[in-house]
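Beneath this line is the structure, given in structure tokens, with notes to follow.
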Amino acid sequence: MKHWLMLAVLTASPPTTPAAETLRTTLLSVRDNVRLDSWEMSGRKATPKSPNWSIQKMTLHGGKQEGVDVIVVDNGRLKFTVVPTRGMSVLSVTMGDVRLGWDSPVKEIVHPRHINLQSRGGLGWLEGFNEWLVRCGLESNGHPGTDKFINNVGDEASMELTLHGKIGNIPASEVEVIVDPEPPHRIRVRGRVDERMFYGPKLELQTEISTEPNSDTIRISDVVTNHGAEEQEFELLYHTNFGRPLLEDGSTFLAPVARVIPFNDHAGKSVADYARYAAPTRGFIEQVYCLHPIADAQGQTIIALQNKAKDRAVSMRFSVSELPFVTLWKNTTSEADGYVTGLEPGTNFPNNRRIERKLGRVPKLAPGARHTATIDFGIHIGGEAIAGIAKHVAAIQAARQPILENAPEKKE
Amino acid sequence: MKHWLMLAVLTASPPTTPAAETLRTTLLSVRDNVRLDSWEMSGRKATPKSPNWSIQKMTLHGGKQEGVDVIVVDNGRLKFTVVPTRGMSVLSVTMGDVRLGWDSPVKEIVHPRHINLQSRGGLGWLEGFNEWLVRCGLESNGHPGTDKFINNVGDEASMELTLHGKIGNIPASEVEVIVDPEPPHRIRVRGRVDERMFYGPKLELQTEISTEPNSDTIRISDVVTNHGAEEQEFELLYHTNFGRPLLEDGSTFLAPVARVIPFNDHAGKSVADYARYAAPTRGFIEQVYCLHPIADAQGQTIIALQNKAKDRAVSMRFSVSELPFVTLWKNTTSEADGYVTGLEPGTNFPNNRRIERKLGRVPKLAPGARHTATIDFGIHIGGEAIAGIAKHVAAIQAARQPILENAPEKKE
Amino acid sequence: MKHWLMLAVLTASPPTTPAAETLRTTLLSVRDNVRLDSWEMSGRKATPKSPNWSIQKMTLHGGKQEGVDVIVVDNGRLKFTVVPTRGMSVLSVTMGDVRLGWDSPVKEIVHPRHINLQSRGGLGWLEGFNEWLVRCGLESNGHPGTDKFINNVGDEASMELTLHGKIGNIPASEVEVIVDPEPPHRIRVRGRVDERMFYGPKLELQTEISTEPNSDTIRISDVVTNHGAEEQEFELLYHTNFGRPLLEDGSTFLAPVARVIPFNDHAGKSVADYARYAAPTRGFIEQVYCLHPIADAQGQTIIALQNKAKDRAVSMRFSVSELPFVTLWKNTTSEADGYVTGLEPGTNFPNNRRIERKLGRVPKLAPGARHTATIDFGIHIGGEAIAGIAKHVAAIQAARQPILENAPEKKE
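Residue numbers (the working numbering), protein chains in the order written: chain W, 1 to 412; chain S, 413 to 824; chain U, 825 to 1236.
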């Protein structure tokens, strides 16, 4: 601990804001004792031959979002907002008339200090849930409920896991923005989020959220590292959420899948229809499906959500060795209650970790070991582009017939 | 969500403080990304013909009150302090030698980030309890304990309700001060507090706390709105608390009442004496009475607390259709432990919601519906004024004999 | 409450920083509404004839330590860091190549707003645990678990106590730095931490952490006061924690002891070896010993930790009437998981308060009564100095043979 306190001492004088020309700026840092309240960088100044991008760091005020840090990246074509204070979640992405995101009943970007994960029988996470992309994990994710752990005296004790774990409500410790000095001047927002405790996990999330000027894609590249001396379980699930305009009556989900298994009996009744979406429906009860995606020869799969007209879509490409499972969450309830669907690649399905462990889906990291996960997101506009996605999905599916189960897994 | 993030982007440059002349100032706003650290407005400048009022916005420092926002309104005769950070509670009101408020053992204005409502078996709310007026609600109020709710998979689940709910520990999202440009230049502090979550209540409290220059009255006017798509239960109780000088050995409570029911057997033993107060008594156990107030022809009732000499009093007028029940909380314990009485008009009595529901006292709001509640507070000085209050109470009571029950309601 | 709000009003204009010449500075104050973001004082300016000391107040940024206040005192020979935001804990002390402190897996100085003490079955305290010295208490300390308390209706109710209580996660309400104007210019950091609630404890911790310029000692002098009107239980334990360089394979613990009792059966197996330390050992399960120290004629005892070469040591002197029990916590696990030993003088052993009460080790404070505790810490360098400590310990132990028990106390 000595070294970083010493560093803090050395940098106690206010940090000089690095000139935009360096193309690398520390926005937040425990190590250097830095937090920039507001800051911006623009292509016009930094890369005059590629002038149309900008990055802006702001601090939010009022209500439960007092003191929340956000970073808005505009690549000249699409714009996205990263929230360091909420575990490097991504609030939304917009490109023309397409938005990746949704209208949650939670209207503020809630500071973690106002979240009690244990509230409401372990559902406190839902008081801050409104992002397009929020990671669930790292020690555990999924449904709340009792699980065992090893306590300080070496005994097996039980604890109440809370919905979707802690990582989405831990502020990032180190955040920097880097713009590649050479064309195509990739814009990179990097953050480190620590989920560490004594007598508990010592897990680190290092993320890079990046795009290129004028591109219609975003890449999220994460590394989870076990800094403990013992083997460590972990769970990582990307909860990406979509409302209008991609979600509407007649929208469809696309993915090459080997099997589709309903999460519970309720979802089991509608499994034949799992890939089609309804209009907002008052009193709709969520339907969740557990998918086993098929990969191409390179181990990559692609999943997508397209609107009814099939002229607007989002696609997500990732490796099934990194993220072998996809949870599809259909929550086509009233607009006011949160009309939304979740496309959720993960290391596991969102059962309580107790169940996932029993079913062999809780991976472990050896001391010092890392798990990487990369997702490439594309926004697609126009019938031709969307037809290309559908063709890509069909090519991976090939002759393999998806198996649609009617009954959930046996869990207990 | 898009619109307000966009707004946030647009207003990322520091907001210009509106000139006092506009008589309308936004102090805190999620929508406009505003928080004024300190600010003041005075009648001398703003309404020179009515120069004796002032409004001051401050930020508190140190201990558990670091970062707490307070607004002090001085109407030239009385002064009150609103706490936006704590759900628009009112800390105290002072007029000459009269104070509405009490000496809680909690000495700081505690930031909600230091409150864990689930602490101490659901009594964590008591770690911040020191206001003159704090609202209890909105999803629930009253005693902690198990109640049911509908969870994300549509099942009935159980949760541990915490004492008096969340609203008193949610920071206000929008706060503005308005002074009417025309005489009598009513001074209005408005705030919006959101109690919203996904798979839970979408309730909004909009309050206006107002007074007129040189007046001895304050009005609190609240609107609770259900922004969800489903019918929503709610509970709202105004916990107004009084210590010295109004509370002393020989103080009395005045109200026109149909029935008085003790909250438990302990209170039942002293029901005949329910309206009289004792001196601070070491080891005193709280006595709580559930009152059914009688209204006048306009549906209004009035309750009051007067000191022993009957020359200092506070009165509260409100509609029994808005607030049909009054809880009287007698806690005449030692000064050091909190010598206090609570006069608490509400939509319900402070049993756990499970009990109140069973007894038919948990109202519901249809989607988009509102519940309004207005309380007019008066401070009265001099025997004649106080005699007027007593006469008013007696006129409503008229020939109707109050029924004093010895036994509490059957609850389980 | 009136007076301090009034004070707040009076001091709403930014406080003028007292000139260093006064040798007394308020750094944080609820009473005066003060918080200095950064500040420093140096001997060069303040006491030119004793120029080698300095005091620096800083604010930390990034991650979970955003907004944390720290005070770094350099007496010209040793340097220590006090954390007002975390209950006036002391992060570390360094003198030459000796450090009092350890390398916890928790790498940030965690703001209490990110700690939920109830997390992980009541072990949430461990998410912020990395200090050299952290007090455990005041209402209770020790293991989590169910205990009884008296609730608001006077009934015995049960609550889940959380590990080591609240005091280490309560920000200080009043913090000042005083340098004696006369030689030897003792440097004093004073802080007040309130553990107060309605229907609960009204306990105050007043601490002074002091040293003299060019000294190799630190003194911590605490007063715990019961401001309630009733007798109040309390527990106070000083969790001082040491890693390298004092802890290593072959380090030894020194103390004059009457009896050594293992905390559990696991520790019982190694009681003969309780005073010797092993190298970092993967998967090591903590061993805890409960010691009854022997005092000298003045009622003072001394305990120490020395390295293998017996040329570096820390000693702690205190009164056994103030702190009658010493807990020795051996946690010689892997470096990555926290290689550490705790020397923990206290009013009790760290069993759950339910057990300590049963065994007669939960003291009570009458209304207005105080409990004082002073510990003098010395850092010792060189074989001769360390031999002196060992001799001092042996002199107190004298002919009395320590009793080493093999079995823990009967607890339930």
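Using N, Cα and C, we set each Cβ at its ideal position, and we do this for glycine too.
Under 7 Å from the C-beta of GLU1236(U): neighbouring residues of chain W: Neighbours of GLU1236(U) on chain W: none; closest Cβ ~15 Å, over 7 Å.
Helix, strand or coil for PRO430(S) per DSSP? In this prediction, PRO430(S) has a pLDDT of 45, which is less than 50 and means its spatial position is unreliable; what the coordinates show is noted afterwards. The three-state reading of DSSP puts PRO430(S) in coil, since its state is none of H, G, I, E or B.
Quick check: what's the CA-CA separation for GLY603(S) versus VAL636(S)? Going by the C-alpha atoms only, they are around 12 Å apart.
Tell me whether GLN401(W) is buried or exposed, calling it buried when 16 or more other Cβ atoms sit within 10 Å of its Cβ. The residue in question, GLN401(W), is exposed, as its Cβ has fewer than 16 Cβ neighbours within 10 Å.
From this set, GLU156(W), PRO144(W), GLU230(W) and HIS292(W), which residue's C-alpha is nearest SER570(S)'s C-alpha? Of GLU156(W), PRO144(W), GLU230(W) and HIS292(W), the residue nearest in Cα terms is PRO144(W).
Could you give the residue range of the beta strand (DSSP E) that holds HIS783(S)? In this chain, the beta strand (DSSP E) harbouring HIS783(S) covers 782-793.
Name, going along the chain, the residues of the segment 557-568 of chain S whose beta-carbon falls closer than 8 Å to a beta-carbon of chain W. Result list: PHE561, ASN563, ASN564, VAL565 and GLY566.
Bridge partner(s) assigned by DSSP for TRP465(S): DSSP output for TRP465(S) lists no bridge partner at all.
Residues that ILE285(W) contacts on chain S, provided the C-beta gap is smaller than 8 Å: Chain-ordered, the chain S residues with CB closer than 8 Å to the CB of ILE285(W) read VAL565 and GLY566.
List the residues of chain U whose Cβ lies closer than 9 Å to the Cβ of GLU200(W), in chain order. Note on identity: in this sequence residue 200(W) is Gly, with Glu being the wrong assignment. Result: PRO929, ARG944, LEU947, LEU950 and GLU951.
What is the DSSP secondary structure of LYS476(S), reduced to helix, strand or coil? In this structure, DSSP gives LYS476(S) a helical state, which the three-state scheme calls helix.
Secondary structure, beta strand (DSSP E): runs of 3+ residues fully inside the segment 288-356 of chain W: Entirely contained in the segment 288-356 of chain W, the beta strand (DSSP E) runs reaching 3 residues are, in chain order, 300-306, 312-319, 325-332 and 339-346.
Compare the C-beta of ARG24(W) against all C-beta atoms of chain U and say whether one is closer than 8 Å. Closer than 8 Å: no.
Given that GLY228(W) touches chain U, what residues does it touch there, using C-beta distances under 9 Å? What GLY228(W) touches in chain U: PRO929, SER1158, ALA1160 and ASP1161.
Taking the continuous beta strand (DSSP E) assigned at ASP222(W), which residues delimit it? Under the DSSP assignment, ASP222(W) falls in the beta strand (DSSP E) whose first and last residues are 217-226.
In the DSSP assignment, what are the bridge partners of PRO674(S)? According to the DSSP secondary-structure assignment, PRO674(S) is paired through a beta bridge with TYR701(S).
Looking at LYS681(S): is its Cβ nearer than 8 Å to the Cβ of ILE798(S)? Result no, Cβ atoms of LYS681(S) and ILE798(S) do not sit closer than 8 Å.
Which residues of chain S have a Cβ atom closer than 9 Å to the Cβ of ALA996(U), listed in chain order? Under the 9 Å cutoff, chain S gives GLY474 and GLY475.
Flag GLU405(W) as yes if its beta-carbon sits less than 8 Å from any beta-carbon of chain S, otherwise no. So, not an interface residue.
For a contact defined as C-beta to C-beta under 9 Å, what are the partners of GLU768(S) on chain U? Here the premise fails: no neighbours, minimum Cβ distance about 17 Å.
Looking at C-alpha atoms only, which residue of ILE815(S), CYS702(S) and LEU490(S) is the closest neighbour of THR629(S)? Out of ILE815(S), CYS702(S) and LEU490(S), LEU490(S) has the C-alpha closest to the C-alpha of THR629(S).
Proximity of GLY87(W) and ARG135(W) at Cβ, strictly below 8 Å: Cβ distance < 8 Å, so GLY87(W) and ARG135(W) count as in contact.
Exposed or buried, GLU845(U), counting other C-beta atoms within 10 Å across all chains shown (16 or more means buried)? Model confidence at GLU845(U) stands at a pLDDT of 47, short of 50, so the residue's coordinates are unreliable; what they give is reported in the following sentence. Flag for GLU845(U) reads exposed.
Which parts of the segment 911-991 of chain U are runs of the beta strand (DSSP E), unbroken and 3 residues or longer, counting only runs that do not cross its ends? Taken in chain order, the unbroken stretches of beta strand (DSSP E) that lie wholly in the segment 911-991 of chain U and span 3 residues or more are 913-919, 922-924, 957-962, 969-974 and 980-985.
Can you find a C-beta in chain U that's less than 8 Å from the C-beta of GLU520(S)? Answer yes: the Cβ-Cβ gap between GLU520(S) and chain U drops below 8 Å somewhere.
Going along the segment 363-392 of chain W in order, which residues come within less than 9 Å of chain S, judged by CB to CB distance? Here the close residues number zero.
What do you get for PRO668(S), buried or exposed, if any count of 16 or more other CB atoms within 10 angstroms of its CB means buried? Around the beta carbon of PRO668(S), 16 or more other beta carbons lie within 10 angstroms, which makes this residue buried.
Quick test of your reading: VAL605(S) and SER627(S), contact by CB under 8 Å. State the CB separation rounded to the nearest angstrom. About 25 Å separates the two Cβ atoms, so there is no contact after all.
Under 8 Å between C-beta atoms, does ASN116(W) make it to chain S? At least one chain S Cβ lies under 8 Å of ASN116(W).
Straight-line gap, ALA690(S) to ARG724(S) (C-alpha atoms, nearest Å): Between the alpha carbons of ALA690(S) and ARG724(S) lies a gap of roughly 17 Å.
Quick check: what's the CA-CA separation for SER104(W) versus VAL565(S)? A straight line joining the alpha-carbon of SER104(W) with that of VAL565(S) spans about 17 Å.
Measure the C-alpha to C-alpha separation of ALA399(W) and ALA258(W) and round it to an integer number of angstroms. Between the alpha carbons of ALA399(W) and ALA258(W) lies a gap of roughly 11 Å.
Using a threshold of 8 Å, state whether the C-beta atoms of TYR339(W) and GLY243(W) are closer than that. Result yes, Cβ atoms of TYR339(W) and GLY243(W) sit closer than 8 Å.
With 8 Å set as the bound, which would you pick, yes or no: does the beta-carbon of LEU203(W) sit closer than that to a beta-carbon of chain U? It does not; no Cβ of chain U falls within 8 Å.
For chain U, find out if any of its Cβ atoms is closer than 8 Å to the Cβ of ARG86(W); answer yes or no. No, no contact with chain U.
Specify the secondary structure class of VAL897(U) as computed by DSSP and reduced to three states. Three-state result, VAL897(U): strand.
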